[in-house]
Amino acid sequence: EAIEKGGYEHFMLKEIFEQPKSIADCMRGRLNASTGHLVLGGIREYANKLEGAERIIMIACGTSWHAALVAEYIFEELCRIPVEVEYASEFRYRNPVINEGDVVVAISQSGETADTLAAMELAKSKGAIIFGVCNVVGSSIARVSHEGAYTHAGPEIGVASTKAFTAQLTVLTMIALRVAHRKGSITERKYHELLVELEQIPSKVEESLKLNDKVVEISDIFKEARNFLYLGRGYNFPVALEGALKLKEISYIHAEGYPAAEMKHGPIALIDEEMPVVFIATRDSSYDKIVSNIQEVKARKGRVIAIVTKGDVLIPKMADFVIEVPAAHEALMPMVAVIPLQLLSYHIAVMRGCNVDQPRNLAKSVTVE
Ligand code: AGP
48 EAIEKGGYEH
58 FMLKEIFEQP
68 KSIADCMRGR
78 LNASTGHLVL
88 GGIREYANKL
98 EGAERIIMIA
108 CGTSWHAALV
118 AEYIFEELCR
128 IPVEVEYASE
138 FRYRNPVINE
148 GDVVVAISQS
158 GETADTLAAM
168 ELAKSKGAII
178 FGVCNVVGSS
188 IARVSHEGAY
198 THAGPEIGVA
208 STKAFTAQLT
218 VLTMIALRVA
228 HRKGSITERK
238 YHELLVELEQ
248 IPSKVEESLK
258 LNDKVVEISD
268 IFKEARNFLY
278 LGRGYNFPVA
288 LEGALKLKEI
298 SYIHAEGYPA
308 AEMKHGPIAL
318 IDEEMPVVFI
328 ATRDSSYDKI
338 VSNIQEVKAR
348 KGRVIAIVTK
358 GDVLIPKMAD
368 FVIEVPAAHE
378 ALMPMVAVIP
388 LQLLSYHIAV
398 MRGCNVDQPR
408 NLAKSVTVE
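Structure below.
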């Protein structure tokens with residue numbers, strides 16, 4: 048086992064650090080920004096169904112559901128196709144409206160999640176075309192899909208999903224770019240710009256991993272906290288959900304992820320000097336709004352840990368702690384901004400003596416309802 052961990056103390060840490068490579072592996076042979084090449088070999092015969100879709104339904108659970116939420120923003124922005132993101136477990140039990148030819152994208156690391164599989168089968172029985180995005184080759188979900196794309200992240204052993212998440216985002220972004228390009232819903236210029244940006248993600252993730260020591264220091268300060276709030280807007284809202292899920296599942300600290308603007312509709316009541324609030328506040332189209340949200344938390348004495356874009360001069364004046372990640376296009380920022388959150392949950396859990404790779408009550412793949 049020590050050999051399999053490759054010198055790391057836990058599989059989770061190894062998998063976090065593998066991300067520059069796993070994201071690059073996911074793009075290998077599929078994307079070449081200098082030639083404009085973008086081909087997903089697993090999506091051919093039904094590619095026109097995606098392009099012609101009137102709506103896309105994405106189904107998943109847990110972290111894969113968070114990847115679907117990011118993809119919703121990306122598909123709607125680039126492809127101008129409405130996307131509905133569904134928890135597989137809710138979708139399958141509520142008699143959903145599915146029409147012949149509807150497009151469903153099912154996302155799963157393991158490819159064996161019972162609820163996701165059952166939701167796909169239900170949609171398929173009603174005539175939907177199913178695209179699978181999964182990590183395990185030959186898994187049940189891959190077999191039930193009409194077509195799909197593998198994430199090629201390599202085996203993920205830690206129960207907390209890390210590299211599978213960033214690989215899912217990579218694949219979903221490539222699918223969206225391909226659809227948008229073929230549909231003509233984005234300009235040639237934007238298409239090329241995003242290909243270049245996507246190709247640069249592995250090196251930006253590499254840079255974010257250098258923040259590890261800083262995250263260790265912050266983890267040490269907050270390791271005894273009983274609650275955490277994670278807030279983000281736009282593309283970073285699902286990142287807030289993912290940061291909170293990572294912390295709960297491995298450190299057993301209660302954490303909630305929220306869209307920052309929803310704070311005023313309830314969670315703001317929780318804020319006092321005891322409450323650490325993690326803001327994912329990178330430079331994007333909702334930057335000014337999130338700055339106001341940070342001010343609101345500081346006015347109530349909350350302790351702010353902010354993930355910001357390198358070079359930000361405003362937020363460091365307000366936040367108690369800042370973690371600077373490299374700049375990236377806002378649609379791709381989740382892959383970069385999630386890295387310090389994965390590290391934060393990991394270090395806090397280790398400091399609390401938790402079993403990081405096999406947290407209590409959880410299984411790597413949930414094959415029961
Ligand atoms: C993630 O850290 C979790 N352990 C869990 O939420 C997981 O993402 C979920 O069970 C879905 O699994 P899947 O991607 O294999 O379908």
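So the sequence shown is numbered by the working numbering: it starts at 48 and just counts up by one. Glycine included, each C-beta is placed from N, C-alpha and C at the ideal position.
Assuming residue 380 and residue 329 make a contact with CB atoms under 8 Å, what is their CB distance in whole Å?
-> Your numbering for residue 380 matches position 333 in the sequence shown. Your numbering for residue 329 matches position 282 in the sequence shown. Residue 380 to residue 329, Cβ: 5 Å. Contact.
Segment limits, beta strand (DSSP E) that includes residue 369 = Here residue 369 is taken as the residue at index 322 of the sequence shown, counted from 1. Counting along the chain, the beta strand (DSSP E) containing residue 369 begins and ends at 368-372.
CB-CB length for residue 301 against residue 274, believed under 8 Å | On the sequence shown, residue 301 is found 254 positions in, with the first residue counted as 1. On the sequence shown, residue 274 is found 227 positions in, with the first residue counted as 1. Correct: roughly 5 Å between the Cβ atoms.
Out of 166, 282, 211 and 324, which has the shortest C-alpha to C-alpha gap to residue 416?
-> By one-based count along the sequence shown, residue 416 stands at place 369. If we check each option's Cα against that of residue 416, 166 comes out closest.
For ligand 1, any of its heavy atoms closer than 6 Å to the Cβ of residue 109?
-> Indexing the sequence shown from 1 puts residue 109 at position 62. Correct: residue 109 has its Cβ closer than 6 Å to ligand 1.
Count the C-beta pairs between the region 227-238 and the region 397-412 that are closer than 8 Å, then say yes if the count reaches three, no if not.
-> No: fewer than three Cβ pairs fall under 8 Å.
Confirm the yes/no value for this check: CB of residue 217, any heavy atom of ligand 1, distance under 6 Å.
-> Translated into positions along the sequence shown, residue 217 becomes position 170. No.
Report yes if the C-beta of residue 412 is less than 6 Å from at least one heavy atom of ligand 1; otherwise report no.
-> On the sequence shown, residue 412 is found 365 positions in, with the first residue counted as 1. Within the cutoff, so yes.
How would you call residue 268, buried or exposed, if buried means at least 16 neighbouring beta carbons within 10 angstroms?
-> In the sequence shown, residue 268 corresponds to position 221, counting from 1. Residue 268 is exposed by the Cβ-count criterion.
Between the CA atoms of residue 246 and residue 72 - distance to the nearest angstrom = Along the sequence shown, read from residue 1 onward, the residue named residue 72 stands at position 25. Along the sequence shown, read from residue 1 onward, the residue named residue 246 stands at position 199. Residue 72 and residue 246: Cα-Cα distance of roughly 11 Å.
Distance between residue 54 and residue 18 (C-alpha atoms, nearest Å) | Since the first residue shown for the chain is 48 and the last is 416, residue 18 is missing from the structure and cannot be characterised.
Helix, strand or coil: which one does DSSP assign to residue 291?
-> Within the sequence shown, the letter at position 244 stands for residue 291. Residue state for residue 291 is assigned as helix, using DSSP reduced to three classes.
Would you tell me roughly how many angstroms separate the C-alpha atoms of residue 417 and residue 315, rounded to the nearest one?
-> The structure shown does not extend to residue 417, since the chain is modelled only from 48 to 416, so the question has no answer here.
Take every Cβ of the region 187-194, pair it with every Cβ of the region 48-65, and state whether three or more of those distances are shorter than 8 Å.
-> With the cut-off at 8 Å, the region 187-194 and the region 48-65 do not touch.
What residues are listed by DSSP as bridge partners for residue 301?
-> Taking the first residue of the sequence shown as position 1, residue 301 is located at position 254. DSSP output for residue 301 lists 274 as bridge partner(s).
Within 6 Å: the Cβ of residue 160 and any heavy atom of ligand 3?
-> As presented, the structure is devoid of ligand 3, carrying ligand 1 as its sole ligands.
With a threshold of 6 Å, establish whether the CB of residue 302 neighbours any heavy atom of ligand 1.
-> Taking the first residue of the sequence shown as position 1, residue 302 is located at position 255. Not so, every heavy atom of ligand 1 lies at least 6 Å from the Cβ.
With contact counted as at least three CB pairs below 8 Å, one residue from each stretch, are the region 91-101 and the region 146-155 in contact?
-> Contact between the region 91-101 and the region 146-155 is established, with three or more Cβ pairs separated by less than 8 Å.
Residues near residue 205 by beta carbon distance below 6 Å, same chain, minus five either side = One-based indexing of the sequence shown puts residue 205 at position 158. Answer for residue 205: 58, 59, 62 and 404, listed in chain order.
Closer than 7 Å by C-beta to residue 111: which residues in its own chain qualify, once you throw out the five before and the five after it? Chain order, please.
-> Locating residue 111 in the sequence shown gives position 64, where the first residue counts as 1. Closer than 7 Å at Cβ, skipping near neighbours: 154, 155, 156 and 215.
Classification of residue 281 by the beta-carbon crowding that lies within 10 angstroms, buried from 16 upward | If you number the sequence shown from 1, residue 281 lands on position 234. By the neighbour-count rule (16 or more Cβ atoms within 10 Å), residue 281 is buried.
Is residue 156 near ligand 1, in the sense that its beta carbon is under 6 Å from a heavy atom of that ligand?
-> Sequence index remark: in the sequence shown, residue 156 carries index 109 (1-based). For residue 156, the CB falls within less than 6 Å of some heavy atom of ligand 1.
Just the Cα atoms here: how many angstroms apart are residue 337 and residue 307?
-> The sequence position of residue 337 within the sequence shown is 290, counting from 1. The sequence position of residue 307 within the sequence shown is 260, counting from 1. Straight-line Cα distance between these residues: approximately 7 Å.
Backbone secondary structure at residue 323 - three-state DSSP | If you number the sequence shown from 1, residue 323 lands on position 276. DSSP places residue 323 in strand when its eight states are reduced to three.
Beta-carbon contacts of residue 123 that lie in its chain and below 8 Å, excluding the five residues immediately before and after = Taking the first residue of the sequence shown as position 1, residue 123 is located at position 76. The residues are 129 and 130.
Inter-residue Cα distance where the pair is residue 50 and residue 56 | Against the sequence shown, residue 50 aligns to sequence position 3. Against the sequence shown, residue 56 aligns to sequence position 9. Near 11 Å, if we compare the C-alpha coordinates of residue 56 and residue 50.
Option nearest residue 224 by Cα separation, candidates 244, 211, 341 and 210 = Against the sequence shown, residue 224 aligns to sequence position 177. Residue 244 is the option with its Cα nearest to residue 224.
Residues bridged to residue 179 by DSSP?
-> For the purposes of this step, residue 179 is identified with residue 132 of the sequence shown, where counting begins at 1. Under DSSP, residue 179 takes part in a beta bridge, and its partners are 153 and 195.
DSSP bridge partner residues for residue 350 (one or two, in chain order) = Numbered from 1 along the sequence shown, position 303 holds the residue referred to as residue 350. Beta-bridge partners assigned by DSSP to residue 350: 323.
Using CA coordinates, which residue listed in 270, 377, 386 and 351 is at the minimum distance from residue 369?
-> Walking along the sequence shown from the start, residue 369 turns up at place 322. Per the Cα distances, 351.
When DSSP labels each residue in this structure, what does residue 104 get in the three-state scheme?
-> Here residue 104 refers to the residue found at position 57 when the sequence shown is read from its first residue. Residue state, collapsed to three classes: strand.
Whole-Å CB distance - residue 356 paired with residue 344, under 8 Å assumed | Taking the sequence shown and counting its residues from 1, the one referred to as residue 356 is at position 309. Taking the sequence shown and counting its residues from 1, the one referred to as residue 344 is at position 297. Rounded to the nearest angstrom, the Cβ distance from residue 356 to residue 344 is 19 Å, too far for a contact under 8 Å.
With DSSP run on the structure shown, which of helix, strand or coil describes residue 393?
-> Start at 1 with the first residue of the sequence shown, and residue 393 comes out as number 346. Residue 393: helix per DSSP, three-state reduction.
Cutoff 6 Å; reference residue 277; Cβ partners in own chain excluding five residues on either side = Looking up residue 277 in the sequence shown gives position 230. Non-local beta-carbon contacts of residue 277 in its own chain, meaning distances under 6 Å to residues more than five positions away in sequence, involve 287, 290, 291, 304 and 325 in chain order.
Might you give, ordered along the chain, the residues of its own chain that have their beta carbon closer than 7 Å to the beta carbon of residue 332, omitting 5 neighbours on each side?
-> One-based indexing of the sequence shown puts residue 332 at position 285. Around residue 332: 281 and 377.
According to DSSP, which residues form a beta bridge with residue 134?
-> Position 87 of the sequence shown, counting from 1, holds the residue named residue 134. Its beta-bridge partners are 107.
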